[in-house]
Amino acid sequence: MPSLKKNSGNKNNKPVRVSAIDEDVLTVLLGRELYGLEILDQLNLERPNQLKFGSLYPVLNRLDKKGLVEWKWGDQVDTSSGGARRKYYKVTGLGAKSLKAVQDYRVSLAYRA
Amino acid sequence: MEKEIKYKIRNLWRDRLLMSVASLVVLGFSGQQLRTLLAHRAIQPAWVLELSQAVRILATDSKSSQEQEYAISELQRISQARDLQITMLLPHLPWKNLKQQVERVQNWKLHQELARAHARVLVLERVQALELAQKQRQSNQEKTRFLVIKRDRALALERALALALARNKPLNQNLELELAQDLALVLDHNRDADKALIQGLEIKLVNNTLFVFIIAAELEQTHGFILQQGNNLEDLLSSEPNRARVLIKSILLLSSSLLILISLLVLLANYKSPLKLSRTAHLMAFLPEEAMAELCCLKQRLQQGKMSPWEIRKRLTHEFLILFFAYYIQVQLENLFLPSGDHNHIDD
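Chains Y and F, in that order, are what the protein sequence lines are.
Everything in the first sequence is counted per this note's numbering, starting at 1 for the first residue and increasing by one.
Everything in the second sequence is counted per this note's numbering, starting at 1001 for the first residue and increasing by one.
Below, the structure is given as structure tokens:
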């Protein structure tokens, strides 16, 4: 089981607590850079309850604040958007570590069962 | 988007919102004043009230002659100005002399009381006469019986009895006739007195009622207004100064609030941003840039999916509102318990 200690900064590089939906987003972002709509597309493929922007943005903000994801600005979408740019997210080292800790815990649970 | 532009757009919308709220407040105030105005508007013109007051004074006997003269002059003035020809003539008619009629009625009443007392005396006298006659007859009968007992004077007694009976019969007849005549006389007298009294009272009542009725009928026929009398007139007269004061106050407040409302609406219509920006740019001032970019992508995707414009609009509005809530409430609350995380930019 990963450490459940609340992340007080990512300097110690210890895995931090992630919720189920955080885990889903981290899994989708692992090894690639995606923007919000693409993340939703990936998450909603076989999901019984469809996620929307209103649910995704708080998760991305939370992961960002905890240092589990990082982002960069993309190019302007088009002129109709008023020059708005997308944010592309990707998993940080800490994020990958935290995700791996959760996944390992689940595997060990499965073995024990 | 530059922070300065974002700031300007936010200020623009803040000012618009403030002006809209102020307009709504002024509109509500105007509505309230309009309601007050309608509740306190005059049901009838002031001259109808003055006419009603003059008629009330003339129809009331207890008013002084000075008041009645003033009421007559008012009645004439109003009827002349408002073309009420019958009303103008009414005060000059002799049937308004109510004082003489009241005296007449009082005389009749006194006379009726005297007649009743006289009748009572007459009846008492007749009753006493009847009683006396009855006693006399009884004594005659006793005497007759005494004579019968005295058998030796039977014949004489028989004659005396016959004579007494013959004498009593016309006496009784005369007494009964006189009593009947007296009673008839008294009854006739009383009937006349009652009739006169009732007639006098009716004349007085009819005069007042007719006077008011004629004026009311002419007023209604000529101008369509109702002549107020009794408690209604009292209420109207007592509430009139207050009603007029509230009415003027409401008119002033309503006109000033409408002026302010029109000014605010004109200001709101002309208040535009000096920068020509698209609708998306305006929305970007309130939501994160990336959220707007995502919404634009979503819109393009929905349009490609051949959804109807109404459905697209509905979906985007829903997403916008949810994002608005998430960004300004949920995320702000969560950030209170999370580290700053400013260093997670890839470019850093």
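From the three backbone atoms N, C-alpha and C, an ideal C-beta is built for every residue, glycine too.
Item, Value
"Name, in chain order, the residues that DSSP records as bridge partners for Y/Glu70.", "Y/Lys90"
"Hey, could you find the ends of the alpha helix (DSSP H) F/Arg1056 is sitting in?", "1046-1059"
"Name the chain F residues that come within less than 8 Å of Y/Lys14, Cβ to Cβ?", "Near Y/Lys14 there are no residues of chain F at all, since even the closest Cβ is about 14 Å away, more than 8 Å."
"Return the first residue and the last residue of the alpha helix (DSSP H) that F/Ala1313 is part of.", "The residue asked about is misnamed: residue 1313 of chain F is Arg in this sequence, not Ala. Run containing F/Arg1313: 1309-1325, per the alpha helix (DSSP H) assignment."
"Distance check for Y/Asp22 and Y/Ala110, CA to CA, integer angstroms please.", "21 Å"
"Can you give me the Cβ contacts of Y/Arg62 inside the same chain, cut-off strictly under 8 Å, excluding the 5 residues immediately before and after it?", "Asp22"
"Would you say Y/Gly31 reaches chain F, if we count a Cβ-Cβ gap shorter than 8 Å as a contact?", "no"
"What does F/Phe1325 reach in chain Y if we use C-beta pairs closer than 9 Å?", "Gly54"
"If contacts are defined as beta-carbon pairs under 8 Å, then Y/Leu45 and F/Cys1297 qualify, I think. What distance do you get, rounded to the angstrom?", "18 Å between Cβ atoms; not a contact."
"Report the neighbours of Y/Asn49 on chain F: residues whose CB is nearer than 8 Å to its CB, in chain order.", "None at all; the shortest Cβ gap to chain F is about 14 Å."
"Taking the beta carbon of F/Lys1306 as the centre, do at least 16 other beta carbons fall within 10 Å, making it buried, or is it exposed?", "exposed"
"Per DSSP, what kind of secondary structure is F/Ala1184 in: helix, strand or coil?", "helix"
"Enumerated in chain order, which unbroken segments of the beta strand (DSSP E) with a length of 3 residues or greater are wholly contained in the segment 1246-1273 of chain F?", "none"
"Are the C-beta of Y/Arg62 and some C-beta of chain F separated by less than 8 Å?", "yes"
"Return yes when the Cβ of Y/Val69 is within less than 8 Å of the Cβ of Y/Lys90, no when it is not.", "yes"
"Does the distance from the C-beta atom of F/Ser1255 to that of F/His1040 stay below 8 Å?", "no"
"Inspect the CB distances between the segment 1169-1183 of chain F and the segment 1109-1117 of chain F and report whether three or more fall short of 8 Å.", "no"
"Counting only Cβ pairs nearer than 9 Å, list the residues of chain F close to Y/Arg112.", "Under the 9 Å cutoff, chain F gives no residues; its nearest Cβ is about 33 Å from Y/Arg112."
"Which bits of chain F does Y/Lys97 rub up against, with CB to CB less than 9 Å?", "Those within 9 Å of Y/Lys97 in chain F number zero; the least Cβ separation is about 15 Å."
"What's the call for F/Ile1009, buried or exposed, on a 16-neighbour Cβ count within 10 Å?", "buried"
"Any beta-carbon of chain Y closer than 8 Å to the one on F/Asp1347?", "Because the pLDDT at F/Asp1347 is just 48, under 50, the model does not fix this residue reliably, and the point stays unresolved."
"The alpha helix (DSSP H) with F/Ile1009 in it runs from where to where?", "1003-1039"
"How is Y/Arg47 classed by DSSP in three states: helix, strand or coil?", "coil"
"Does the count of Cβ pairs from the segment 1029-1036 of chain F and the segment 1229-1241 of chain F closer than 8 Å reach three?", "no"
"Roughly how many whole angstroms lie between the Cα atoms of F/Ser1308 and Y/Lys66?", "41 Å"
"Are the C-beta of Y/Ala84 and some C-beta of chain F separated by less than 8 Å?", "yes"
"Is the shortest distance between the beta-carbon of F/Glu1334 and the beta-carbons of chain Y less than 8 Å?", "yes"
"Which chain Y residues are close to F/Ile1009, counting only those with a beta carbon under 9 Å from its beta carbon?", "Simply none; closest approach about 11 Å."
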